[in-house]
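Reviewing the structure listed below.
Residue numbers (the UniProt record's numbering): 1 to 350.
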């Protein structure tokens with residue numbers, strides 16, 4: 001594809017929005033014609049994000065008067081609950097554009113699960129029929145065919161990339177999963193919160209949403225789907241004092257007769273042709289420093305000293321592969337564009 005597609009970014013003033021603009025302005029098939037940020041409406045982008053100064057981007061505006069039919073794609077970076085309302089409005093008003101949603105509003109296929117985890121009814125549950133779960137490496141066919149693409153949360157992206165092939169191959173006991181996860185403070189959003197202040201987050205590692213993090217629902221939904229079981233996942237996230245990056249450590253019970261070598265073989269087979277997933281050589285430890293600023297996820301598998309157990313570790317950049325980069329990857333798939341377009345950045349070091 002050679003032509004430019006008209007794109008809107010809703011919620012352009014957050015960290016995810018900033019990274020989507022950073023990546024998207026160099027994408028040969030994207031022309032950002034609309035950028036919304038209600039609290040900053042009327043401002044040039046560089047006033048909100050100085051690092052985007054000198055980039056040809058439209059002024060920030062409110063979302064009230066957008067002509068949706070003039071757009072080819074809408075990237076939605078709004079909070080949950082807000083996102084579903086505006087997506088419902090778009091779908092009811094026009095047959096175009098496609099929607100790449102980075103909120104949680106279309107990730108859970110069961111409306112009852114959405115209410116249980118997010119505390120409110122879905123305003124338009126029928127939209128789930130035209131929504132695809134946007135874990136690119138595992139759902140390309142649906143991403144190509146559906147109008148709404150629900151990008152996974154950052155924690156599920158890392159965890160599911162690491163575990164879905166193993167669960168699908170029946171190598172691990174999916175009813176005994178323990179996931180220890182750590183993310184940089186950008187994962188908490190750009191709003192003012194006491195626990196992300198430099199004086200409080202700096203020099204401090206802290207767990208949060210213990211036993212109740214909303215991303216747990218995605219893990220249980222997707223792993224349960226490939227294993228054919230209703231499961232409960234032990235998932236504990238932590239806030240780590242760095243701006244971006246995410247690392248998950250999965251403690252696994254092997255199925256009888258299976259080994260760490262079996263896990264490695266399945267991961268390597270599944271991802272050998274994937275441009276953004278890399279299974280590291282034996283013994284090499286994944287780290288967030290390997291992937292910072294890139295759309296890459298690195299994985300490795302290790303034998304536990306406890307017989308019959310294994311440890312799988314995955315790392316990604318929560319703002320790129322965990323959010324904006326994955327949104328662009330899904331955009332490429334949805335529009336028949338070479339999947340790596342606009343996403344070939346080498347990780348930053350140091």
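Glycine is no exception: its CB is placed at the ideal position from the N, C-alpha and C atoms.
Here residue 154 carries a helix assignment [DSSP, helix/strand/coil].
According to the DSSP secondary-structure assignment, residue 133 is paired through a beta bridge with 150. Closest in C-alpha terms to residue 12, from the list 230, 161, 61, comes 61. In this structure, the straight-line span from the alpha carbon of residue 342 to that of residue 7 is close to 15 Å.
Boundaries of the alpha helix (DSSP H) around residue 331: 325-334. Nearest neighbour of residue 239 by Cα position, chosen from 281, 254, 182, 57, turns out to be 182. Buried is the label assigned to residue 317, since at least 16 other Cβ atoms lie within 10 Å of its Cβ. With distances taken between CA atoms, residue 300 lies nearest to 162 out of 125, 113, 308, 162. When the Cα atoms are used, residue 63 and residue 10 turn out to be separated by approximately 7 Å. Per DSSP, residue 309 is one residue of the beta strand (DSSP E) stretching across 309-316. As a beta-bridge residue in DSSP terms, residue 235 pairs with 179.
Taking a cut-off of 8 Å on C-beta distances, the region 70-87 touches the region 98-108, as three or more cross pairs fall below it. Residues 164, 167, 168 of the same chain have their beta carbon placed closer than 8 Å to that of residue 226, with the five preceding and five following residues left out of the count. The C-alpha of residue 328 is placed about 27 Å away from the C-alpha of residue 113. Per DSSP, reduced to three states, the secondary structure at residue 207 is strand. Taking 8 Å as the cut-off, the Cβ atoms of residue 344 and residue 315 do not count as close.
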